[in-house]
Amino acid sequence: MNIMLSVAVSADGCIDDNTSARLVLSTPQDWQEVRELRSHFDAILVGAATVRNDNPSLRIKEEHLREERIARGMSADIMRVTISASGNLPSDSRFFTGDGTAVVITSCGSYSHPSARVIYVERITAAAIVGALERAGVGSLFVEGGARTLHMFLEEGMADTLRLAVNPSITVGDPAAPHFTPAPYIKNAACKRRNLGGMDVRTYRLSSADFETDIRHLRRAVELSRSSEPCSGCYRVGAVLVTAGGEIFEGYTHQSSPTSHAEQEAVRSAEAAGADLHGATMYSSMEPCTERKSEPESCSQLLVRHGFARAVFAAFEPDHFVRCDGAAFLRRNGVRVDIIPDLAEEVRRINAHICGLQR
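Start counting at 1 in the sequence shown, then tack on 1, and there's your number in the working numbering.
Pasting the structure below:
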């Protein structure tokens with residue numbers, strides 16, 4: 002998932018003051034660019050405090066932006082997402098009204114709302130939020146805060162880009178006001194800086210992921226999966242392994258063994274060539290498995306054992322043979338996971354021989 006964090010702050014780093022009135026920090030030019038940026042994402046996320054205090058609608062209102070979304074194959078309305086451990090959300094908030102989908106991610110099992118899709122997670126973390134949205138088909142997420150939500154995404158390394166807009170003409174001067182302090186997370190990040198209507202706009206690239214490169218390798222993985230013969234007991238999966246030094250190795254299901262998985266085959270090829278796998282990236286057409294009946298080590302465990310830095314895949318493994326938890330397992334073990342759902346439908350077609358994947 003492509004994740005951008007966006008925040009406006011005062012000269013002394015505050016995102017708000019302690020009054021009941023909303024503190025407007027953005028200039029008109031900055032605010033217009035934010036609205037345009039929003040329109041390029043599948044979903045927008047804010048914390049529960051933002052819903053309670055600011056009552057935002059979070060909609061794409063400009064007709065030309067809605068038309069452009071439709072032309073790109075997106076829905077006219079952006080998915081609106083909020084998170085709440087307690088479920089303490091005003092039921093009449095503008096977040097819940099109007100067209101488009103409203104989603105509440107919560108760890109409160111008793112929470113429900115007639116106008117929202119409610120997704121339950123065991124614990125509110127950035128990884129859990131992203132995983133839940135990825136399974137809902139969200140490929141890009143625009144995160145607007147508040148400070149606690151933004152810091153959570155930064156602390157967990159769950160962001161690709163940070164857009165920090167500083168208004169040098171406003172100083173809050175209150176140590177108790179909500180502050181945003183990204184300094185520990187942007188020390189080595191590439192930054193583009195410009196003036197936009199008086200705002201000092203700084204865009205930090207927090208991830209080295211390159212979408213064009215990722216999609217190229219993932220397309221190759223999907224193509225490799227076609228080399229695997231259809232079998233009632235397994236999925237047809239392809240994998241492309243790219244080492245930190247740029248070496249490329251490939252594999253597909255049952256390539257050299259009746260029990261081998263695609264990731265295994267790619268790793269075997271790399272090991273045979275003496276490649277260093279620490280820091281490598283694995284591109285798989287389907288989510289790396291976490292449970293196997295044929296062999297003792299899952300593909301997710303294999304990647305962790307070899308010190309892979311990233312795993313990129315197109316489609317989640319369905320809960321047909323076992324319940325796969327590859328993305329969450331890898332993230333818990335320090336592997337960055339990116340899901341690119343653009344190719345998921347093709348992966349499902351290739352695996353239409355498995356019951357439950359027919360379209």
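Glycine included, every Cβ here is placed at the ideal spot set by N, Cα and C.
Assignment of alpha helix (DSSP H) within the stretch 133–176, counting only whole runs of 4 or more residues, yields 148–156 in chain order. If you draw a 10 Å sphere on the C-beta of Glu213, you find fewer than 16 other C-beta atoms in it, and that means exposed. Our two residues, Pro342 and Val223, have alpha carbons roughly 12 angstroms apart in a direct line. With contacts defined as CB atoms closer than 9 angstroms, Ala50 and Gly147 qualify as a contacting pair.
Short of 7 angstroms from the beta carbon of Ala86, and not among the five residues preceding or following it, lie these beta carbons of its own chain, in chain order: Thr107, Ser108, Cys109 and Ile125.
Using a Cβ distance threshold of 9 angstroms, His279 and Gly239 do not count as a contacting pair. Excluding sequence positions up to five before and after Ala128, its CB lies within less than 8 angstroms of the CB of Glu157, Met159, Ala329, Arg332 and Arg333, all in the same chain and listed in chain order. Annotated three-state conformation of Asp343 is helix, per DSSP.
For Val52 and Ser94, the gap between their C-alpha atoms comes out near 7 angstroms. Taking one beta carbon from each stretch, the stretch 59–68 and the stretch 34–41 have 3 or more pairs nearer than 8 angstroms; the two touch.
Burial state of Asn196 is exposed, judged by a 10 Å Cβ sphere holding fewer than 16 other Cβ atoms. Shown here, Cys192 sits in a strand according to DSSP, grouped into three states. Each residue's CA atom was taken as its position, placing Ala245 and Leu26 some 42 angstroms apart. Apart from the 5 residues on each side of it in sequence, Ala267 sits with its Cβ closer than 8 angstroms to the Cβ of Ala240, Val241, Leu242, Phe250, Glu251, Gly252 and Met283 in its chain, given in chain order. In the structure shown, Arg311 adopts extended strand secondary structure according to DSSP, grouped into three states. No Cβ-Cβ contact shorter than 9 angstroms links His262 with Arg227.
Considering only Val131, Val122 and Phe96, the residue with the shortest C-alpha distance to Pro115 is Phe96.
In this structure, Gly275 lies away from Thr28, with their beta-carbon atoms at least 9 angstroms apart. Leaving aside the five residues that flank Ala345 on each side, the residues in its chain whose CB is nearer than 7 angstroms to its CB run, in chain order, Ala315 and Ala316. DSSP places Glu34 in the uninterrupted alpha helix (DSSP H) bounded by Pro29 to Arg39. Counted as a single uninterrupted DSSP element, the alpha helix (DSSP H) harbouring Gly327 occupies residues Gly327 to Arg333. The continuous alpha helix (DSSP H) containing Val305 extends over residues Cys300 to Arg306. Counting along the chain, Asp215 sits inside the alpha helix (DSSP H) bounded by residues Phe212 to Ser226. Counting C-beta atoms within 10 angstroms of its own C-beta, Glu145 has 16 or more neighbours from the protein chains shown and is therefore classed as buried. For Ser92, the CB contacts under 8 angstroms within the same chain, skipping 5 residues up- and downstream, are His114 in chain order. Pairing Leu134 with Ala77 gives a Cβ-Cβ distance that is not under 9 angstroms. Looking only at Asp339, Arg220 and Asp201, the smallest Cα-Cα distance to Ile171 is reached by Asp201. Per DSSP, reduced to three states, the secondary structure at Ala103 is strand. Spatial neighbours of Tyr205 in its own chain (CB-CB distance under 6 angstroms, excluding positions within 5 residues in sequence) are listed in chain order as Leu163, Ile187, Ala190 and Cys192. For Ile4, the enclosing beta strand (DSSP E) covers residues Asn3 to Ser11.
Annotation: Leu151 to Asn168 spans about 18 angstroms, alpha carbon to alpha carbon. Counting only the Cα atoms, Ser258 lies some 12 angstroms from Glu296.
If you check the CB distance, Asp339 and Arg311 come in under 9 angstroms.
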